[in-house]
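If you read the sequence shown in the working numbering, its first letter stands for residue 4, the second for the next number, and so on.
Positions of the beta carbon are idealized from the N, C-alpha and C atoms, including for glycine.
See structure below.
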Amino acid sequence: MNKYIKIVALVLTLGLGSGAYAIATTSTDVMPGINREVRESRQTFQEETVKPALQQIREQRESARGETNEVRAQIQSEIQEGREALQEQKRVFREDLRKKLASGLRARITKTLLRLDEVIVRLENINKRIETRITRLESEGLTPVTTKAMVQESKEKSDLAKTSIQNAKMALASAAISATTDTEELRNILKAAEMSVKEAKTATVDAIASLRGLGQPATTTESVTP
């Protein structure tokens, strides 16, 4: 076996991790489904509730033409009642929609946080492989001080990321879902966790890069099981 670190194998390992990371931390993954549901709900409400109500008001106005003052007053009263009923329906719809939006967003954020957990597991596995290679280097008389420091930093950032993800889960679980839920706050919960995972990934990349000066990489690569 070649005595030098097989950096190419490590890079391949990282490639698997970064692929999962890219999937888990793409912010647009959270929102498109929700936005589509919102658009469909609004369109349905417009077609099935608003348009028929407005059409009825127009027909009532037409029917009032040529009628006596008493009849016109009665029709005008009915029109006003129809308008008020429509406004109430709109208010209820908006509240239900906001609640649905917040609930759907929380479900998608929860799923994304689980993916971030998986990314951290992958990064931790990479760090373990780097440490194994550091041990091998030291047995050969080399002193990869920089790499040791970097992998330690990577481990610490991974621990911080795990804590951030856990905090996000707790904050998300305690968030009351209602018509007044602050969806921006829910998004910020996810962003904080994403950022911590990004920093952990960057630290792992730096640790791998520091190995390049410790020997010539092998011309063949090991088989890596994620």
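Determine the DSSP secondary structure at residue i, reduced to helix, strand or coil.
i       : result
Glu-70  : coil
Leu-145 : coil
Ala-105 : helix
Ala-110 : helix
Ala-178 : coil
Can you name the start and end residues of the alpha helix (DSSP H) that residue i belongs to?
i       : result
Ala-203 : 186-212
So which of the options has the shortest CA-CA distance to residue i?
i       : options                              : result
Thr-205 : Gln-169, Asn-191 and Ile-129         : Ile-129
Glu-43  : Ile-78, Ile-168, Lys-103 and Glu-65  : Lys-103
Ala-152 : Ile-211, Glu-202 and Glu-187         : Ile-211
Ala-176 : Leu-193, Lys-160 and Asp-162         : Leu-193
Thr-135 : Ser-80, Leu-214 and Asn-170          : Leu-214
Ala-88  : Leu-57, Gln-77, Val-124 and Thr-207  : Leu-57
Gln-90  : Thr-166, Arg-132 and Thr-52          : Thr-52
Thr-207 : Asn-170, Glu-187, Glu-84 and Asp-162 : Asp-162
Val-200 : Thr-47, Asn-72, Arg-97 and Glu-159   : Glu-159
Arg-111 : Gln-79, Thr-186 and Ala-67           : Thr-186
Is it right to say residue i is buried, meaning 16 or more other beta carbons lie within 10 angstroms of its own, or is it exposed?
i       : result
Pro-55  : exposed
Val-95  : exposed
Thr-29  : Unreliable positioning characterises Thr-29 in this predicted model, as indicated by a pLDDT of 40, which lies under 50. The coordinate reading is nonetheless provided below. Exposed: under 16 other Cβ atoms inside 10 Å.
Arg-109 : buried
Ala-164 : buried
Glu-64  : In the sequence as presented, Glu is not what sits at residue 64; that position holds Arg. Flag for Arg-64 reads exposed.
Thr-138 : exposed
Arg-125 : buried
Our contact map puts residue i next to residue j with C-beta atoms below 8 Å; I'd like the distance itself, whole angstroms only.
i       : j       : result
Ala-203 : Ser-157 : 7 Å
Leu-119 : Ile-168 : 5 Å
Ile-133 : Val-154 : 5 Å
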